[in-house]
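Chemist: Numbering (my numbering), first residue to last: 114 to 341.
Cβ atoms here follow ideal geometry from the backbone N, Cα and C, with glycine treated the same way.
As the structure is a prediction and not an experimental result, all values here were calculated from the model.
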Amino acid sequence: LLKEEPGIMYEHHATRDVFYFQTFIPLEESYIDVPNVLQNPELPHGCEITSLTAILNYYGADVSKTTMADDYLKKVPFTMRNGKRIGADPHRAFPGNPRDLSDGWYVFAEPIKEAAEKFISTNDLALSAENISGSSREELLDYIEKGIPIVTWVTLDLSKPRTRGGWYIEGFNDFYPSLINSHAVVLMGWKDGKVRAMNPHHGSVTYDEKTFFDNYEAMGSQAVIIQE
114 LLKEEPGIMY EHHATRDVFY FQTFIPLEES YIDVPNVLQN PELPHGCEIT SLTAILNYYG
174 ADVSKTTMAD DYLKKVPFTM RNGKRIGADP HRAFPGNPRD LSDGWYVFAE PIKEAAEKFI
234 STNDLALSAE NISGSSREEL LDYIEKGIPI VTWVTLDLSK PRTRGGWYIE GFNDFYPSLI
294 NSHAVVLMGW KDGKVRAMNP HHGSVTYDEK TFFDNYEAMG SQAVIIQE
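Right, dumping it as structure tokens:
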């Protein structure tokens, strides 16, 4: 590209070369004191609603995990139709009941956000719920630094997600292969390559950061926050 100015002519060559510079911003230790709320024995399949309850308790809401499960979580019972087992899409509602050891399953981010919104609205609380699924590791840790705990979907032991069996989705003819190791925890801290979480099975636990976020991504990068 030739350009001329009075008394000057110069040639500009466009280039497609892209140069990347990696920068490192050290994270400071962060910790949010979310209370331990354990799902058992009342909610053997209620890790997600229990995690949400722990966060609501952290913000001062006086509510139990069973109240959240019974009154605020959308649930759809299983039915049999033409020899097929019909159940809910976990992205829309809880299939079965989290109180039921043999016939309760799991639920994903959107119904948990909706349960939070229903509770917040019913009780006129100055809180808001948001489905932040798709957030990166850096974005989640930024929430933690800001003092915002996160319901985060992983597997029971941070191993690869596994499926076995399943059901047909209500309203569709699609077979849904069910996960057998889905789990949800409250991400609430970070320090020196480790993350801290409130695990509804064990209480406060520590995980290797890379292993945790790799597993979070394998589970679809699903997350929900409550904030003031």
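1. Leucine 165 lies in the alpha helix (DSSP H); which residues open and close that run?
2. By DSSP, does tyrosine 133 sit in helix, in strand, or in coil?
3. Buried or exposed for threonine 192, please, with buried defined as at least 16 other CB atoms from any protein chain shown within 10 angstroms of its CB.
4. Could you tell me which of Ala331, Glu251, Asn244, Lys259 sits nearest to alanine 294, measuring between CA atoms?
5. To which residues does DSSP link tyrosine 144 through a beta bridge?
6. Decide if threonine 163 is buried, meaning its Cβ has at least 16 other Cβ atoms within 10 Å, or exposed.
7. Does the structure place the region 194-203 close enough to the region 276-284 that three or more beta carbon pairs sit under 8 Å?
8. Let me make sure I understand the geometry here. Which of Ile225, Asp146, Gly159 has the alpha-carbon closest to that of glycine 173?
9. What number of angstroms, rounded off, separates the C-alpha of phenylalanine 288 from the C-alpha of glycine 333?
10. Of the residues Lys304, His158, Phe325, which one's Cα is nearest the Cα of phenylalanine 221?
11. What do you get for lysine 178, buried or exposed, if any count of 16 or more other CB atoms within 10 angstroms of its CB means buried?
12. Taking 8 Å as the CB-CB cut-off, is valine 189 touching chain B?
13. Give a yes or no on contact between the region 270-279 and the region 294-303, applying the rule of three or more CB pairs nearer than 8 Å.
Modeler: Considering the structure as presented:
1. Taking the first residue of the sequence shown as position 1, residue 165 is located at position 52. Segment 160-171, the alpha helix (DSSP H) holding leucine 165.
2. Translated into positions along the sequence shown, residue 133 becomes position 20. The pLDDT assigned to tyrosine 133 is 42, lower than 50, so where the model puts this residue is not dependable; a value taken from the coordinates is nonetheless given after this. Note: tyrosine 133 maps to coil in three-state DSSP.
3. Here residue 192 refers to the residue found at position 79 of the sequence shown. By the neighbour-count rule (16 or more Cβ atoms within 10 Å), threonine 192 is not buried but exposed.
4. Here residue 294 is taken as the residue at index 181 of the sequence shown, counted from 1. Reading the sequence as shown, one finds asparagine at residue 294 and not alanine. Ranked by Cα distance from asparagine 294, the options Ala331, Glu251, Asn244, Lys259 are led by Ala331.
5. As a working mapping, residue 144 is identified with position 31 in the sequence shown. Paired residue(s): Gly302.
6. As a first step, residue 163 must be located in the sequence shown, where it is residue number 50. Buried is the call here.
7. Yes, the region 276-284 touches the region 194-203.
8. By 1-based counting over the sequence shown, the position of residue 173 is 60. Taking only the C-alpha atoms, the option nearest glycine 173 is Asp146.
9. As a position in the sequence shown, residue 288 is number 175, starting the count at 1. As a position in the sequence shown, residue 333 is number 220, starting the count at 1. Looking at the backbone, the Cα of phenylalanine 288 and that of glycine 333 are separated by about 19 Å.
10. In the sequence shown, counting from the first residue as 1, residue 221 sits at position 108. For phenylalanine 221, the nearest C-alpha among the options comes from His158.
11. Along the sequence shown, one-based indexing puts residue 178 at 65. The residue in question, lysine 178, is buried, as its Cβ has 16 or more Cβ neighbours within 10 Å.
12. Included in the structure is just one protein chain, with no chain B present.
13. Below 8 Å, enough C-beta pairs join the region 270-279 and the region 294-303 to call them touching: three or more.
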